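This report refers to the structure that appears directly beneath it.
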Amino acid sequence: MSTRRRTTVHDLASLRVRPDGTRVKNATPSLRSAASAARDAAGNWIASDAGGKGDVPRWRKKKKRLVEEQDEGGEVGGGDDGVVDGTRDEDEGEDTGPKDPRAKKRRRFLEDLTYLDAPLERSSQEVESAANDAASLPVPSSELLKCIHYYASRYYTARGELFDAAKEARREKKVRKMERLKNEGSSSRGSTDGRENEEGVESEDGDEQENEDGNENTDSVTGRAETEEADSKGSKVKKKVLRRDMYKAFDGSALMAIGMLIQEHIFSMMSTGPGEGWEDEMVALEEEKRVRSAARRKRIKSETREVGINEEEEVTDGGEEESDESEEDSSND
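The number in this note's numbering is simply the position in the sequence shown, starting from 1, with 98 added.
The structure is reproduced here in structure tokens:
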């Protein structure tokens, strides 16, 4: 293998990386005889200390401090003399370790035995307080708010309380209405009726545009729709009514409030335990199921018994008819 490439995740997963960051190379014979190299079941060379050293020290090393003697000039001895067994006193101000931060990190990794300590235990009161704290719920995510907006819009649109007042939606609606009027004009009406309808559609679109441009503050969440009502004379009169825009009816603050309410509702449903008397309710439910199953078995038995009786009656009736026919034949002979 090439030695100039970087270490990859595949090397790390195949246990070929040592704790110091070096990699076991299959193409280097000199490293195969190393104590930290071994072969796996597939014959590949791996690092035996890939997950750290396997030997755990039995005794913890003690840090000793050597008393430095001051010379006649009042100078203190060098800090290098204070190192014993690869460790030094915490009170020493000088750092005699390697200057490379990566080497320091590797040594700290090898000497770190904190994973052998007992895990910290939390009291039951802290756990209960954390579980019952509804204020610790996170902020509703954008996906939840999008789902709320989608289903609310679908619900109110199906009830006819919201409509799409976007520019593209109005343009599509106008095209569909023009096509419908054109088809109706070509089939049943004359050219004059078609022109009047087109002018009416253009005026309606102009009114909607004026409503959008001139009333941005007051009518931002409403739109205008024309409805036909019959007057006393029987003629249809167009009347404009206001309808709410589905894209502006729910602003960000309302969606956030709904999302927080939904989260608190789900939290309360999942955190609250069964109420008092739930054992009696379960016993009554099991008794009701047992009574229903017994009644069903009894009904099935009675139905099968009735079917058997009917079959026996049919068989006996058939035998009597055959005997009567045989008697008639014998009398005729």
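All residues carry an ideal CB built from backbone N, CA and C; glycine is no exception. This structure is a prediction, so every number in the text was calculated from the model and none was measured.
Leaving aside the five residues before and after M358 along the sequence, list all residues of the same chain whose C-beta is less than 7 Å from its C-beta, in chain order. Counting from 1 along the sequence shown, the entry for residue 358 is found at position 260. Excluding positions up to five away in sequence, the list reads P238.
Buried or exposed: D198, going by 16 or more other Cβ atoms within 10 Å of its Cβ? Sequence index remark: in the sequence shown, residue 198 carries index 100 (1-based). When all chains shown are included, D198 counts as exposed.
Entirely within the stretch 370–408 and at least 3 residues each: give me those beta strand (DSSP E) ranges in chain order. none
Taking only three categories from DSSP, how would you classify R252? Within the sequence shown, residue 252 is the residue found at index 154, counting from 1. Helix at R252.
Is the separation between the beta-carbon of A139 and that of S146 shorter than 8 Å? Here the question's residue 139 lines up with position 41 in the sequence shown. Here the question's residue 146 lines up with position 48 in the sequence shown. Taking 8 Å as the Cβ cut-off, A139 and S146 do not qualify as a contacting pair.
Just the Cα atoms here: how many angstroms apart are D109 and R121? Residue 109 sits at position 11 when you count from the first residue of the sequence shown. Residue 121 sits at position 23 when you count from the first residue of the sequence shown. C-alpha separation (whole angstroms): 8 Å.
Cα separation between E241 and R205? Reading the sequence shown from its first residue, position 143 is the one you call residue 241. Reading the sequence shown from its first residue, position 107 is the one you call residue 205. If you take the alpha carbons of E241 and R205, they lie about 45 Å apart.
Residues near D189 in its chain [Cβ-Cβ closer than 7 Å; skip 5 each side]: Stepping through the sequence shown from its first residue, residue 189 is reached at position 91. Since pLDDT at D189 reaches only 46, below the 50 mark, its modelled position is unreliable, and the value read off the structure follows with that caveat. Nothing listed; no residue qualifies.
Quick check: what's the CA-CA separation for Y253 versus M354? For the purposes of this step, residue 253 is taken as residue 155 along the sequence shown, with counting starting at 1. For the purposes of this step, residue 354 is taken as residue 256 along the sequence shown, with counting starting at 1. Rounded to whole angstroms, Y253 to M354 spans 19 Å at the Cα level.
Let me check understanding here. Comparing Cα to Cα, which of L383, T106, R114 and R403 lies closest to G150? Here residue 150 refers to the residue found at position 52 when the sequence shown is read from its first residue. Nearest C-alpha to G150: R114.
What is the residue span of the alpha helix (DSSP H) that R103 lies within? For this step, residue 103 is matched to residue 5 along the sequence shown. Neither: R103 is in no alpha helix (DSSP H) and is coded neither H nor E.
Per-residue DSSP class, three states only, for A264: As a first step, residue 264 is located in the sequence shown; it is residue number 166 there, counting from the start. Correct three-state label for A264: coil.
Can you tell me the Cα-Cα spacing of I360 and G350, whole angstroms? Here residue 360 is taken as the residue at index 262 of the sequence shown, counted from 1. Here residue 350 is taken as the residue at index 252 of the sequence shown, counted from 1. So the two alpha carbons sit approximately 15 Å from each other.
Go through its chain and collect everything with a Cβ distance to V273's Cβ below 6 Å, but skip five positions before and after it. The residue labelled residue 273 in the question sits at position 175 within the sequence shown. If we look at V273 and ignore the five residues flanking it on each side, it has no Cβ neighbours.
Express the C-alpha separation of G141 and R103 in angstroms, rounding to a whole number. By 1-based counting over the sequence shown, the position of residue 103 is 5. By 1-based counting over the sequence shown, the position of residue 141 is 43. The straight-line gap from Cα to Cα measures roughly 22 Å.
Burial state of W143 (16 or more Cβ within 10 Å): Numbered from its first residue, the sequence shown carries residue 143 at position 45. With 16 or more other Cβ atoms within 10 Å, it is buried.
Starting from A135, trace the beta strand (DSSP E) in both directions and tell me its first and last residue. Position 37 of the sequence shown holds residue 135. Start and end: A135 to R137.
Please report how far the alpha carbon of G258 lies from the alpha carbon of W376, in whole angstroms. On the sequence shown, residue 258 is found 160 positions in, with the first residue counted as 1. On the sequence shown, residue 376 is found 278 positions in, with the first residue counted as 1. Rounded to whole angstroms, G258 to W376 spans 43 Å at the Cα level.
I need the DSSP call for V273, collapsed to helix, strand or coil. Taking the sequence shown and counting its residues from 1, one reaches residue 273 at position 175. The answer is helix: DSSP assigns V273 an H, G or I state.
Cβ separation of A148 and R116, assumed to be a contact under 8 Å, to the nearest whole Å: Taking the first residue of the sequence shown as position 1, residue 148 is located at position 50. Taking the first residue of the sequence shown as position 1, residue 116 is located at position 18. That belief holds up - the Cβ atoms of A148 and R116 are roughly 7 Å apart, short of 8 Å.
Tell me the residue span of the beta strand (DSSP E) that contains A145. Against the sequence shown, residue 145 aligns to sequence position 47. Note, A145: beta strand (DSSP E), W143 to A145.
For R121, name the three-state secondary structure that DSSP assigns. As a working note, residue 121 is residue 23 in the sequence shown. In this structure, R121 counts as strand in the three-state DSSP scheme.
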